[in-house]
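Asker: Numbering (UniProt numbering), first residue to last: 1 to 437.
Note that CB positions come from ideal geometry on N, CA and C, so glycine has one too.
Remember, it's a predicted structure, so these values are computed and weren't measured experimentally.
Written out as structure tokens, the structure is:
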């Protein structure tokens with residue numbers, strides 16, 4: 001039986017593309033990539049169109065049944081960072097060859113061979129993925145923790161995925177791990193002031209102000225936030241340190257972020273399918289009026305509590321789709337701005353904050369999706385101050401759990417917020433590459 005791969009060219013095939021992982025994977029473990037995002041890539045809308053199309057493909061068995069999917073795309077910024085032309089593939093899902101009806105059928109091979117053909121045509125000498133759209137926005141491939149549910153944006157896969165990449169000549173690159181902090185709404189937890197020590201005298205001496213989300217256009221402050229996300233050109237690395245191209249995924253700040261990219265990251269196209277932006281979880285710090293550090297967490301409806309019939313508090317597919325429809329109607333709520341938080345005065349007592357959480361979002365979960373400090377202000381404890389306020393706001397908002405997207409093992413700065421909240425590493429993951437020359 002021959003596996004046939006074809007490009008998605010109509011709405012019916014797009015529906016098959018979106019539905020495949022929901023059919024392949026256990027609903028209590030897999031977290032779908034929001035359909036709105038996939039549909040935007042299919043239509044050619046959003047910031048990615050500056051770099052070219054995102055082509056979607058389906059793999060079918062001899063009977064016409066969909067047994068795999070992938071997308072192919074390019075990104076010139078990543079090419080520049082790595083110093084070579086790269087063919088990216090992503091949204092890659094495939095049935096287990098061992099479970100196929102006929103020996104020899106291998107959807108993974110056909111999909112990856114297609115990516116190699118596209119790379120040859122476009123002059124690329126490296127296959128890299130699965131990334132949708134870039135490695136620093138993607139979960140990679142899990143290599144452990146297969147019995148634990150994934151994080152937002154499809155962060156789960158079965159064990160046979162890693163074996164398939166190795167079987168087809170791919171090598172692991174950019175190892176990472178996700179993090180989990182639990183019991184954040186427990187009044188008996190370590191108070192924020194002790195979990196994240198910061199000299200309070202510095203707040204007045206350095207004119208530090210923590211800002212949080214508010215109902216104004218977020219795009220208005222993007223030019224200021226870009227100064228945090230985009231560092232100045234990096235100096236030559238110290239001996240033994242990898243060049244920027246080798247740290248592209250490990251150091252997300254190494255990538256240039258345009259206003260359009262960042263708007264897509266925090267605006268409706270990127271947040272649909274999760275939940276409306278919580279103003280208490282979007283924080284940035286100014287020093288004498290200038291932004292120096294930034295942090296963004298969002299509510300995670302992949303563990304939306306109270307969904308009828310949802311295993312372990314997870315929503316049914318119908319509840320998930322209904323939630324996406326609700327967010328589409330409330331999209332204007334995401335286009336809001338930032339204002340200074342009332343944190344210049346004495347902080348609220350930890351116990352009082354916990355009492356205020358009663359009846360609000362008890363048991364909810366959040367995901368930390370972005371953080372950074374401007375290069376000239378790093379190692380001054382500013383990210384510690386923001387992590388303290390996030391910890392406080394999570395408890396006050398009734399959030400029980402904070403999940404963290406993948407960070408490189410041993411990156412103490414990236415791990416610090418989770419360690420301070422008593423978190424632990426959850427799942428290991430990697431990306432895969434195959435050199436073509």
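(1) In three-state DSSP terms, what is residue 150?
(2) So which of 28, 27, 17, 25 has the shortest CA-CA distance to residue 37?
(3) In the DSSP assignment, find the unbroken alpha helix (DSSP H) run with residue 124 in it and report its ends.
(4) Can you give, in chain order, each stretch of the beta strand (DSSP E) that sits fully within the stretch 352-432 and has at least 3 residues?
(5) Compute the beta-carbon to beta-carbon distance between residue 95 and residue 107, rounded to the nearest angstrom, for a pair I have assumed lies under 8 Å.
(6) With DSSP run on the structure shown, which of helix, strand or coil describes residue 200?
(7) Can you pull the DSSP bridge partners for residue 57?
(8) Since residue 287 sits in a beta bridge, which residues does DSSP pair it with?
(9) Got a sec, what are the start and stop residues for the alpha helix (DSSP H) residue 192 sits in?
(10) Going by DSSP, what residues sit across from residue 179 in a beta bridge?
(11) Measure how close the beta-carbons of residue 29 and residue 149 come, nearest whole angstrom, since I'm counting them as under 8 Å.
(12) Kindly give me the distance between the Cβ atoms of residue 384 and residue 292, rounded to whole angstroms, as I take these residues to be in contact under 8 Å.
(13) Per DSSP, residue 87 forms a beta bridge with which residues?
(14) Run through DSSP, which three-state label would residue 279 get?
(15) Are the stretch 162-177 and the stretch 404-413 touching by the rule of at least three beta carbon pairs closer than 8 Å?
(16) Smallest Cα separation from residue 422: which of 428, 398, 388, 73?
(17) Quick one: residues in its chain with C-beta nearer than 8 Å to the C-beta of residue 344, no 5 flanking neighbours on either side, listed in chain order?
(18) What's the C-alpha gap between residue 391 and residue 206?
Answerer: By the coordinates alone:
(1) Taking the chain shown and counting its residues from 1, the one referred to as residue 150 is at position 150. Residue state, collapsed to three classes: coil.
(2) Residue 37 sits at position 37 when you count from the first residue of the chain shown. With distances taken between Cα atoms, residue 37 lies closest to 17.
(3) The count along the chain shown starts at 1 and reaches residue 124 at position 124. Here residue 124 belongs to no alpha helix (DSSP H), and DSSP marks it neither H nor E.
(4) DSSP runs (the beta strand (DSSP E)) wholly in the stretch 352-432: 364-373, 399-407.
(5) Residue numbering aside, residue 95 sits at position 95 when the chain shown is read from its first letter. Residue numbering aside, residue 107 sits at position 107 when the chain shown is read from its first letter. Contact flag correct, Cβ pair sits at about 6 Å.
(6) Walking along the chain shown from the start, residue 200 turns up at place 200. Residue 200: coil per DSSP, three-state reduction.
(7) For this step, residue 57 is matched to residue 57 along the chain shown. Partner(s): 7, 70.
(8) Position 287 of the chain shown, counted from the start, is the residue given in the question as residue 287. Paired residues: 208, 290.
(9) The residue given as residue 192 occupies position 192 in the chain shown. Unbroken alpha helix (DSSP H) run through residue 192: 192-195.
(10) Walking along the chain shown from the start, residue 179 turns up at place 179. For residue 179, which the question treats as bridged, DSSP gives the partners 404, 425.
(11) Counting from one through the chain shown, the residue named residue 29 turns up at place 29. Counting from one through the chain shown, the residue named residue 149 turns up at place 149. Right, their Cβ atoms sit about 5 Å apart.
(12) Here residue 384 is taken as the residue at index 384 of the chain shown, counted from 1. Here residue 292 is taken as the residue at index 292 of the chain shown, counted from 1. Going by Cβ atoms, the distance from residue 384 to residue 292 rounds to 12 Å, so no, they are not a contact pair.
(13) Here residue 87 refers to the residue found at position 87 of the chain shown. Answer is 127.
(14) Position 279 of the chain shown, counted from the start, is the residue given in the question as residue 279. Correct three-state label for residue 279: helix.
(15) With a cut-off of 8 Å, the stretch 404-413 and the stretch 162-177 count as touching, because enough Cβ pairs lie within range.
(16) Translated into the one-based positions of the chain shown, residue 422 becomes position 422. The shortest Cα separation from residue 422 among 428, 398, 388, 73 belongs to 388.
(17) Within the chain shown, residue 344 is the residue found at index 344, counting from 1. Only weak support is given to the placement of residue 344: the predicted model assigns it a pLDDT of 40, under 50, and the value that follows is read from those uncertain coordinates. Once the five neighbours on either side are set aside, the close Cβ partners of residue 344 are 203, 209.
(18) Counted from its first residue, the chain shown places residue 391 at position 391. Counted from its first residue, the chain shown places residue 206 at position 206. About 22 Å.
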